[in-house]
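Chemist: Below is the structure I would like to discuss, written out as structure tokens.
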Amino acid sequence: MSFRPDVVVVGAGLAGLVATHELAKAGKRVLVLDQENRHNLGGQAFWSLGGLFFVDSPEQRRMGIKDSFDLAWQDWQGSAQFDRFGDGSDGPGRGEDFWPQQWAEAYVRWTNEGKRDYVRDLGLKSLTFVGWAERGDGRAEGHGNSVPRFHITWGTGPEVVRVFLEPVLGAEEAGLVQFGFRHQVDALLTVGGAVVGVRGSLLAPDEAPRGERSNRDVVGDFSIEAPAVVVTSGGIGHNFDLMRRNWPTDRVGPAPEHMIAGVPAHVDGRMLAISEEAGATLVNKDRMWAYVEGVHNWDPIWPDHAIRILPGPSSMWFDANGKRLQGMSGVPGADSIGSMTQILSTGYDYSWFILDQTIIEKEFALSGSEQNPDWTNKDVRLMLTDRILGKGATGPVERFKQHGEDFVVADNLADLVAGMNKISRGPALDPADIERQIVARDRQVDNPFAKDAQIMAIHNARRDRTGKIMRVAKPHKILDPEHGPLIAVRCNILSRKTLGGIETNLDSQAIAADGAVIPGLYAAGEVAGFGGGGVHGYNALEGTFLGGCIFSGRAAGMALSRD
Ligand SMILES: Cc1cc2nc3c(=O)[nH]c(=O)nc-3n(C[C@H](O)[C@H](O)[C@H](O)COP(=O)(O)OP(=O)(O)OC[C@H]3O[C@@H](n4cnc5c(N)ncnc54)[C@H](O)[C@@H]3O)c2cc1C
1 MSFRPDVVVV
11 GAGLAGLVAT
21 HELAKAGKRV
31 LVLDQENRHN
41 LGGQAFWSLG
51 GLFFVDSPEQ
61 RRMGIKDSFD
71 LAWQDWQGSA
81 QFDRFGDGSD
91 GPGRGEDFWP
101 QQWAEAYVRW
111 TNEGKRDYVR
121 DLGLKSLTFV
131 GWAERGDGRA
141 EGHGNSVPRF
151 HITWGTGPEV
161 VRVFLEPVLG
171 AEEAGLVQFG
181 FRHQVDALLT
191 VGGAVVGVRG
201 SLLAPDEAPR
211 GERSNRDVVG
221 DFSIEAPAVV
231 VTSGGIGHNF
241 DLMRRNWPTD
251 RVGPAPEHMI
261 AGVPAHVDGR
271 MLAISEEAGA
281 TLVNKDRMWA
291 YVEGVHNWDP
301 IWPDHAIRIL
311 PGPSSMWFDA
321 NGKRLQGMSG
331 VPGADSIGSM
341 TQILSTGYDY
351 SWFILDQTII
361 EKEFALSGSE
371 QNPDWTNKDV
381 RLMLTDRILG
391 KGATGPVERF
401 KQHGEDFVVA
411 DNLADLVAGM
421 NKISRGPALD
431 PADIERQIVA
441 RDRQVDNPFA
451 KDAQIMAIHN
461 ARRDRTGKIM
471 RVAKPHKILD
481 PEHGPLIAVR
491 CNILSRKTLG
501 GIETNLDSQA
511 IAADGAVIPG
521 LYAAGEVAGF
531 GGGGVHGYNA
541 LEGTFLGGCI
551 FSGRAAGMAL
561 SRD
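Counting with full-length UniProt numbering, you get residues 1 to 563 for the letters of the sequence shown.
Okay, structure coming up:
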């Protein structure tokens with residue numbers, strides 16, 4: 001290869017593209033290597049909903065939401081619950097949260113002061129309403145967003161990718177950037193503790209469409225030297241063995257036996273061990289952000305393809321034994337890890353939503369750019385006809401209802417429970433017991449106040465303007481035939497984000513065991529726990545992953561541009 005790069009970037013996902021964009025802006029020559037083909041540029045971000053966490057944005061203010069750095073930082077700390085500080089030094093005895101906490105504060109400040117302008121200057125715009133994800137565990141100082149902060153990108157994930165990819169492709173044309181597709185990095189080259197390049201396997205050409213699994217046939221090898229390497233290889237979400245090995249059994253219960261994949265097959269986690277081999281420190285490996293509302297994709301793109309339901313608060317939630325989940329973590333969309341802990345405590349790895357047609361129409365959204373063609377294609381007409389004015393749920397949700405193996409639809413409760421028992425992976429549910437719990441819940445909707453935590457949460461969610469207009473059904477009795485048919489969904493655990501990873505300082509430089517930086521080695525995006533080796537701590541506030549890739553990729557690019 002005649003191109004002599006200043007920097008090699010390993011991984012052409014969002015974090016890699018952002019780092020490359022910053023480097024090319026500064027006139028640096030960048031070689032971007034990826035094990036996949038050109039169709040996959042942008043990695044996971046392409047499939048995302050493009051949800052971005054902004055604090056005190058004009059969109060929030062227009063919705064009457066009062067937000068501030070102080071409130072967001074309180075929420076972040078309540079969610080992260082950083083508690084690994086070792087001896088408080090930055091040396092060998094430092095804790096795993098030494099850098100993550102500093103990243104967190106810097107990142108939350110940026111979401112308040114600079115992030116929105118940075119992406120808007122590149123042409124990215126958000127929808128006018130703001131979603132309320134992870135509504136919290138019920139404590140002011142606990143986990144969750146006190147206010148809506150989830151800003152969906154107009155154009156969803158592909159647009160997030162486009163605004164960085166276009167300038168990078170311009171730099172490719174100008175000769176500053178070169179891509180090496182089907183280049184799988186197997187090792188980092190080191191000399192005297194410094195990283196000086198990469199070595200790897202050339203994979204056989206494969207024209208698989210974006211997202212589909214490609215071959216791993218090795219047809220050659222390569223070795224490239226460069227003054228610096230930025231690792232942006234993503235998380236471990238399609239490597240179930242590694243997930244199970246790192247699973248936080250003590251905190252949330254046994255690793256799920258049946259898991260489905262919320263990410264494509266290239267999210268294999270290999271670069272973590274490869275980086276560790278070169279001296280990088282891996283921290284917070286037991287922190288991950290899997291979800292409990294996964295359904296098998298009836299029209300899969302990658303192996304075991306899972307889609308996450310982004311639920312409103314009204315579906316009733318039952319564990320595998322048919323017992324209603326309790327408290328705020330029994331409210332869909334409030335406290336992901338709390339819900340996971342309740343579900344896994346049964347010894348089973350799935351749970352059930354029971355809802356009705358009114359709820360599915362108003363409250364079911366599906367994560368993923370391909371599941372939201374109106375927003376993804378910036379199609380105002382489709383948005384009006386399918387999402388806002390149309391009868392029924394959106395087309396993609398209706399198709400899941402019709403074809404999805406996890407969905408049961410029935411006109412009466414006896415038939416619904418019989419259908420659930422047919423697809424159960426555990427105990428048969430008792431229809432009388434389920435009916436008793438639904439009737440008890442239904443009695444709570446006769447007044448505009450209630451003692452049931454979920455009904456209270458529904459009333460609260462409808463006080464938010466977006467919630468009332470678009471996301472939360474008016475409280476009603478689930479067994480009222482007017483709102484039928486009844487629907488049950490078997491919710492599976494799906495993999496998604498990796499919250500721990502390569503420890504880095506605020507310039508995205510990898511840190512060795514003794515606390516010193518490793519010359520020549522940088523890491524950004526999901527492989528670095530979205531900054532520092534775990535900017536989220538134990539829990540995430542959502543919309544913070546793409547942003548974490550942007551913030552940490554930008555930090556790496558800017559630091560290397562200074563050198
Ligand atoms: C369906 C879906 C919805 C999501 N929705 C949101 C959302 O709304 N908001 C949000 O904030 N986040 C969301 N996320 C999460 C977010 O998209 C990801 O966390 C983020 O895009 C990760 O980017 P990355 O650049 O770190 O890694 P990736 O996108 O995984 O890219 C890594 C790249 O590195 C390559 N690679 C890996 N190992 C090697 C190797 N050894 N050699 C060469 N190349 C290698 C891979 O092939 C890949 O192309 C979503 C994710 C998914 C899948």
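Note that CB positions come from ideal geometry on N, CA and C, so glycine has one too. The structure displayed is predicted, hence computed values, not measured ones.
1. Compare the Cα-Cα distances from Ala440 to each of Ala461, Met316 and Thr376 and report the closest residue.
2. Counting pairs of beta carbons, one from the segment 31–47 and one from the segment 59–66, are three or more of them closer than 8 Å?
3. Got a sec? Which residues, its chain only, sit under 6 Å from Phe318 by beta carbon, not counting five neighbours each side?
4. State the Cα-Cα distance for the pair Ala106 and Gly93, rounded to the nearest angstrom.
5. Starting from Val472 and walking both ways along the alpha helix (DSSP H), at which residues does that stretch end?
6. Is Leu521 near ligand 1, going by C-beta to nearest heavy atom under 7 Å?
7. DSSP three-state call for Leu384: helix, strand or coil?
8. Mark Gly330 as exposed unless 16 or more other C-beta atoms lie within 10 angstroms of its C-beta, in which case mark it buried.
9. If Gly547 and Gly500 are in contact, beta carbons under 8 Å, what's the gap, nearest whole angstrom?
10. Just confirm the distance between the C-beta atoms of Gly131 and Thr466, as a whole number of angstroms; I'd bet it's less than 8 Å.
11. For the beta strand (DSSP E) containing Gln402, name the first residue and the last one.
12. Quick check: is any heavy atom of ligand 3 less than 7 Å from the C-beta of Ser315?
13. I'd like the list of long-range same chain contacts for Asp374, defined as Cβ closer than 7 Å, with 5 residues on each side in sequence excluded.
14. Less than 8 Å between the beta carbons of Gln74 and Glu141, yes or no?
15. Just to check my reading of the structure: Ala72 and Thr111 have Cβ atoms closer than 8 Å, yes? What is that Cβ distance to the nearest angstrom?
16. Is Ala432 a contact residue of ligand 1, with contact defined as CB to any heavy atom under 7 Å?
17. Suppose you measure from the CA of residue 616 to the CA of Glu363; what does that come to, to the nearest Å?
18. Considering only their Cβ atoms, is the gap separating Leu23 from Ser552 smaller than 8 Å?
19. Given that a residue counts as buried once 16 or more other Cβ atoms are within 10 Å of its Cβ, and exposed if not, what is Ala104?
20. Any contact between the segment 502–519 and the segment 237–248? By contact I mean 3 or more CB pairs, one from each, below 8 Å.
21. Exposed or buried, His258, counting other C-beta atoms within 10 Å across all chains shown (16 or more means buried)?
22. Please classify His143 as buried or exposed, where buried requires at least 16 other C-beta atoms within 10 Å of its C-beta.
23. Rounded to whole angstroms, what's the CA-CA distance from Gly91 to Phe98? Just pull it up for me.
24. Specify, as a first and last residue, the run of the alpha helix (DSSP H) that Thr190 falls within.
25. Mark Lys474 as exposed unless 16 or more other C-beta atoms lie within 10 angstroms of its C-beta, in which case mark it buried.
26. Let me know the secondary structure DSSP gives Asn112 once reduced to three states.
27. Where does the unbroken alpha helix (DSSP H) through Gln74 begin, and where does it stop?
28. According to DSSP, is Thr20 helix, strand or coil?
29. Under 8 Å, do Leu49 and Thr156 count as touching if we go by C-beta distance?
Modeler: This is what the structure holds:
1. The shortest C-alpha separation from Ala440 is found at Met316.
2. No, they do not touch.
3. Result list for Phe318: Arg324 and Trp352, in chain order.
4. Computed Cα separation, rounded: 23 Å.
5. Taken as a continuous stretch (DSSP letters only), Val472 belongs to no alpha helix (DSSP H), as it is neither H nor E.
6. No, since every heavy atom of ligand 1 falls outside the 7 Å radius drawn around the Cβ of Leu521.
7. Here Leu384 sits in helix by DSSP.
8. A buried status is given to Gly330, since no fewer than 16 other beta-carbon atoms sit within 10 Å of its beta-carbon.
9. About 18 Å separates the beta carbons of Gly547 and Gly500, which is beyond the 8 Å limit, so they are not a contact pair.
10. The beta carbons of Gly131 and Thr466 sit about 6 Å from each other, so the pair counts as a contact at 8 Å.
11. In this chain, Gln402 is not harboured by any beta strand (DSSP E); it is covered by the alpha helix (DSSP H) spanning Gly395 to His403.
12. You won't find ligand 3 in this model; what it holds is ligand 1.
13. The answer, listed in chain order, is Leu382, Met383, Asp386 and Arg387.
14. Remark: C-beta atoms of Gln74 and Glu141 approach each other more closely than 8 Å.
15. Sure, about 7 Å apart at Cβ, within 8 Å.
16. Every heavy atom of ligand 1 is 7 Å or more from the Cβ of Ala432, so no.
17. Only positions 1 to 563 of the chain appear in the structure, and residue 616 is not among them; the question remains open.
18. Taking 8 Å as the Cβ cut-off, Ser552 and Leu23 do not qualify as a contacting pair.
19. Its Cβ being crowded by 16 or more others within 10 Å, Ala104 is buried.
20. No, they do not touch.
21. The residue in question, His258, is exposed, as its Cβ has fewer than 16 Cβ neighbours within 10 Å.
22. Looking at its Cβ environment, which holds 16 or more other Cβ atoms inside 10 Å, His143 is buried.
23. CA-to-CA, the gap between Gly91 and Phe98 works out to about 10 Å.
24. Note, Thr190: premise wrong, no alpha helix (DSSP H); beta strand (DSSP E) at His183 to Val191.
25. By the neighbour-count rule (16 or more Cβ atoms within 10 Å), Lys474 is not buried but exposed.
26. Reduced to three states, the DSSP call for Asn112 is helix.
27. DSSP places Gln74 inside the alpha helix (DSSP H), whose first and last residues are Phe69 to Ala80.
28. Helix.
29. The criterion of a C-beta distance shorter than 8 Å is satisfied by Leu49 and Thr156.
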